[in-house]
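Note sheet for the following structure.
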Amino acid sequence: MAASAVIAGLGAWLPPSVVTNGDLCSRLDTTEEWIESRTGIRERREVSDGAATVDLAVKAGERALKSAGLRSVDAVVLATTSPDRTCPAGAPEVASRLGVGAVAAFDLTSACSGFVYGLATCAGLIAADVAETVLFIGAEAFSTFVNPEDRATAPIFGDGAGAVVLRRGSPDEPGAIGPFDLGSDGENADLLAVAAGGSRQRASTRLGNDDVPTEDWYLSMAGRAIFQHALARMTASANTVLDRAGWAVADVDRFVGHQANIRILTSVAQRLGIAQDRVPANIDRVGNTLAASIPLVLAESCANGHLRPGDRVLMTAFGAGLSWGSTVLVWPDVVTTSPF
Ligand code: UT7
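For the sequence shown, counting from 1, position 246 maps to 246 in the numbering used here; every step adds exactly one.
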């Protein structure tokens with residue numbers, strides 16, 4: 001039987017700067033009531049003082065290593081869609097700053113599905129004998145990719161980071177991750193995209209392309225269409241992974257879904273038949289933090305006792321790509337601090 005990846009440590013971190021709905025109302029044509037009732041978000045965190053994604057990743061990584069009682073790992077993987085730079089990846093810098101040695105390190109881009117895609121990738125590194133232990137971090141300073149003048153996106157996204165240490169183990173022990181369901185739909189890639197900055201639309205006078213419209217540097221989102229895709233894909237993916245795991249819906253103690261909109265989370269849980277008191281949420285305080293979303297919920301729930309050893313956990317994410325994924329695990333005995 002192939003080795004499984006088992007959660008051995010957990011850590012999360014939020015930048016201290018809080019942006020409330022009231023703060024946004026002072027510069028955007030919106031209301032606190034609109035934002036809270038349509039999204040469930042009351043405030044979000046934002047990087048300040050020049051901090052960027054790698055800074056957040058290092059903080060969450062430190063906490064996860066401490067939680068695992070480890071000083072080093074065999075690999076560092078960073079899931080982010082708001083990298084510090086388009087080149088190089090941020091993971092090698094994270095590994096250096098954490099002092100874990102000259103280990104394998106790379107980034108992975110899968111937007112809001114990044115945490116689930118990354119867990120599958122890291123489980124693969126362990127099963128393929130590439131690594132015994134992996135530090136896997138989802139970190140985002142996505143506020144820097146959002147147009148501060150755009151009322152359709154500025155209220156939604158926030159910054160933060162969450163990390164797990166994975167170690168080689170057996171599939172039947174607590175903390176073993178899997179099976180997985182992963183999927184994508186590139187035909188709808190344009191529904192949620194940042195147009196400029198990559199190879200298709202670079203901008204510099206020297207490259208003869210200095211007239212990229214400002215909005216192309218920022219995220220554009222067809223919110224209503226994304227909402228409908230999220231409902232359908234998250235529900236289907238969750239059902240698929242439950243089938244693969246041989247779990248009934250009634251077996252699920254905690255449904256940890258990507259925090260994009262409280263209405264999405266509530267509707268998906270309803271469609272699955274999972275009671276709302278089994279659905280932890282922090283979107284009211286952090287907004288949509290993409291790849292950091294699920295581990296931020298895990299860390300808070302684990303720290304405050306809402307997630308206990310032995311709980312059967314279903315995780316489902318959906319985001320740009322389009323992409324989606326689900327996995328399950330029985331919660332292990334790990335100790336961490338709340339990111340709040
Ligand atoms: O992680 C995956 C990525 N993202 C998502 O999952 C997001 C999915 N989508 C959503 O969460 C929701 O679609 C939003 C919260 C983004 C928008 O809510 P909605 O209920 O779908 O609103 P809408 O985009 O259909 O807009 C309704 C109205 C529009 O006005 P008209 O055309 O009806 O006159 C918008 O212009 O609300 C207007 N609107 C706003 N009004 C006040 C849009 N943003 C705002 C705003 N304040 N901030």
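Using N, Cα and C, we set each Cβ at its ideal position, and we do this for glycine too. Being a predicted model, the structure only gives us computed values, none of them experimental.
Using a 10 Å radius around the Cβ and a threshold of 16 neighbouring Cβ atoms, would you call residue i buried or exposed?
{"i": "residue 225", "result": "exposed"}
{"i": "residue 259", "result": "buried"}
{"i": "residue 170", "result": "exposed"}
{"i": "residue 304", "result": "exposed"}
{"i": "residue 131", "result": "buried"}
{"i": "residue 88", "result": "exposed"}
{"i": "residue 148", "result": "exposed"}
{"i": "residue 301", "result": "buried"}
What whole-angstrom Cβ distance do residue i and residue j have, given they're in contact under 8 angstroms?
{"i": "residue 235", "j": "residue 263", "result": "Rounded, the Cβ-Cβ distance is 14 angstroms, inconsistent with contact."}
{"i": "residue 61", "j": "residue 135", "result": "6 angstroms"}
{"i": "residue 53", "j": "residue 140", "result": "6 angstroms"}
{"i": "residue 113", "j": "residue 273", "result": "So it is not a contact: roughly 23 angstroms between Cβ atoms."}
{"i": "residue 90", "j": "residue 261", "result": "At roughly 27 angstroms, the Cβ-Cβ gap does not stay under 8 angstroms, so residue 90 and residue 261 are not in contact."}
Kindly list the residues whose CB is nearer than 8 angstroms to the CB of residue i, restricted to its own chain and excluding five residues on each side of it in sequence; keep chain order.
{"i": "residue 70", "result": "8, 9, 133, 165"}
{"i": "residue 179", "result": "241, 244, 245, 327, 328"}
Give every residue of the same chain whose Cβ lies closer than 7 angstroms to the Cβ of residue i, excluding the five residues on either side of it in the sequence, and list them in chain order.
{"i": "residue 299", "result": "10, 11, 12, 162, 336, 338, 339"}
{"i": "residue 103", "result": "73, 74, 75, 76, 95"}
{"i": "residue 143", "result": "46, 47, 157, 158, 159"}
{"i": "residue 32", "result": "21, 22, 25"}
{"i": "residue 122", "result": "5, 77, 134, 136, 166"}
{"i": "residue 64", "result": "9, 10, 11, 135, 163, 164, 165"}
{"i": "residue 237", "result": "181, 183, 316, 324, 325, 326"}
Excluding the five sequence neighbours on either side, which residues of its own chain have a C-beta within less than 6 angstroms of the C-beta of residue i, listed in chain order?
{"i": "residue 217", "result": "196"}
{"i": "residue 311", "result": "253, 254, 331"}
{"i": "residue 333", "result": "309"}
Within 8 angstroms, do at least three Cβ pairs link the stretch 115-134 to the stretch 2-10? yes
Determine, using beta-carbon pairs with one atom in the stretch 245-264 and one in the stretch 97-110, whether at least three such pairs fall under 8 angstroms. no
Can you check the stretch 98-142 for any beta strand (DSSP E) of at least 3 residues that lies completely inside it and give the ranges in chain order? 104-108, 133-140
Taking one C-beta from the stretch 276-292 and one from the stretch 79-98 each time, how about it: are there three or more such pairs within less than 8 angstroms? yes
Secondary structure, alpha helix (DSSP H): runs of 4+ residues fully inside the stretch 219-274: 223-245, 262-272
To test your reading of the DSSP string, which unbroken beta strand (DSSP E) runs of 3 or more residues are found completely within the stretch 58-89? 75-79
Sequence ranges, alpha helix (DSSP H) only - wholly within the stretch 8-48, length at least 4: 21-25, 32-39
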